[in-house]
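Single-structure report; data block below.
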Amino acid sequence: MNWKPHHIKQGDGKGGWVLRPAEYQILHAKTGNYAFPFGVAQMDNGEVFLLCSWHDGKSEHPVIAFSKDRGASWTEFEPIPEAAGRPMMLTYLGGGRLTFQSDQRYYSSDYGRTWKDRIPVQPSSDGGGWGVEGNAWVDRDAKGNALRIAEIGWRYDKGLSWPKDPATGMVRWSTDGGHTWTKEVAPKEWKWEEQFAGKTYTRGVSEGSIVRAANGWLVAALRADMPARYLDQ
Numbered sequence: 003m004n005w006k007p008h009h010i011k012q013g014d015g016k017g018g019w020v021l022r023p024a025e026y027q028i029l030h031a032k033t034g035n036y037a038f039p040f041g042v043a044q045m046d047n048g049e050v051f052l053l054c055s056w057h058d059g060k061s062e063h064p065v066i067a068f069s070k071d072r073g074a075s076w077t078e079f080e081p082i083p084e085a086a087g088r089p090m091m092l093t094y095l096g097g098g099r100l101t102f103q104s105d106q107r108y109y110s111s112d113y114g115r116t117w118k119d120r121i122p123v124q125p126s127s128d129g130g131g132w133g134v135e136g137n138a139w140v141d142r143d144a145k146g147n148a149l150r151i152a153e154i155g156w157r158y159d160k161g162l163s164w165p166k167d168p169a170t171g172m173v174r175w176s177t178d179g180g181h182t183w184t185k186e187v188a189p190k191e192w193k194w195e196e197q198f199a200g201k202t203y204t205r206g207v208s209e210g211s212i213v214r215a216a217n218g219w220l221v222a223a224l225r226a227d228m229p230a231r232y233l234d235q
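Mapping the sequence shown onto our numbering, position 185 (from 1) lands on 187, and the numbers just tick up by one.
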């Protein structure tokens, strides 16, 4: 694996952009169709943890790899036993503890080596689905351990579906490492109306990541629904 030149685009706070120099490399699975990366975490033992979705030719499964040299080299991809689907919302909880969501919510307490602790994904408060894709925010104590987690989830309300209906984006919190969650909040600003060709459409958001800015505000990056101008094409 060789590093290749790249750049990262960073907002300058004035409506413009600054290009930061960077490098990238491509990791390959030895077998199967592909491996898509969905999460990376710097752990307090000095290792970097990588979580991917590996397609074995029939279906997708979570696989993991480790780096001890800040990503210059990696172990071979290892499947997580009996785990299925695309792994989302990788979160490092501190002290060697990690969690992510796919067909269930999975936990490791030994820096990602084993994943024996797994529970059903907690649905939204009305029993609806809870889809995720992105990164959670973690408020941490002085030792780097998670105090509480905020994550963005989404669903289509009963009877609604993609692409003409709006997705409902929501936020919820956990204070026990993601085992239980507060009642979600659906910000009203995350739905709006668009007009096109004499018709009005309600649009919403789905997948998202969340960070805390230096001033204490929470800032969300969200995937918006398809713009109205494409719906009748």
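All C-beta atoms in this analysis are idealised placements derived from N, C-alpha and C, irrespective of residue type, glycine included.
Provide the residue span of the beta strand (DSSP E) that contains Thr101, from first to last.
99 to 103
Only counting the same chain, and skipping five residues up and downstream in sequence, which positions put a Cβ closer than 6 Å to that of Asp105?
Ala86, Gly87
Which two residues bound the contiguous beta strand (DSSP E) that contains Thr202?
201 to 205
Let me make sure I understand the geometry here. Which of Pro83, Arg120, Pro81, Met172 has the alpha-carbon closest to that of Leu100?
Arg120
Are the beta-carbon atoms belonging to Gln124 and Trp183 less than 7 Å from one another?
yes
Of the residues Phe51, Gly34, Thr77, Arg72, the one placed nearest His63, counting alpha carbons only
Gly34
Which value, in whole angstroms, describes the spacing of the CA atoms of Pro89 and Trp56?
10 Å
Can you give me the C-alpha to C-alpha distance between Glu195 and Thr202, rounded to a whole angstrom?
7 Å
Which runs of the beta strand (DSSP E) at least 3 residues long sit entirely within the region 26 to 62? Give them in chain order.
36 to 44, 50 to 57
Using CA atoms only, rank isn't needed, just tell me which of Asp71, Gly13, Val173, Gly48 is closest to Lys190.
Val173
From the DSSP output, read off the bridge partner residues of Glu196.
DSSP, once it has assigned bridges, lists Tyr203 as partnering Glu196.
With burial defined as no fewer than 16 other Cβ atoms inside 10 Å of the residue's Cβ, what is the status of Arg22: buried or exposed?
exposed
Using C-beta distances below 6 Å, list every residue in its chain close to Asn47, excluding the 5 sequence neighbours before and after it, in chain order.
Tyr113
I believe Ala169 touches Trp156 by the beta-carbon criterion, under 8 Å. Please report the beta-carbon distance rounded to the nearest angstrom.
5 Å
Where the beta strand (DSSP E) containing His9 begins and where it ends
In the DSSP assignment, His9 falls within the beta strand (DSSP E) that extends over 6 to 13.
According to DSSP, which residues form a beta bridge with Trp139?
According to DSSP, which records beta bridges pairwise, Trp139 is partnered with Ala152.
Where does the unbroken beta strand (DSSP E) through Ile220 begin, and where does it stop?
The question names Ile, yet the displayed sequence has Leu at residue 220. 220 to 226 is the span of the beta strand (DSSP E), which, as asked, contains Leu220.
Pull up the DSSP beta-bridge partners for Ile82, would you.
Paired residues: none, contrary to the question.
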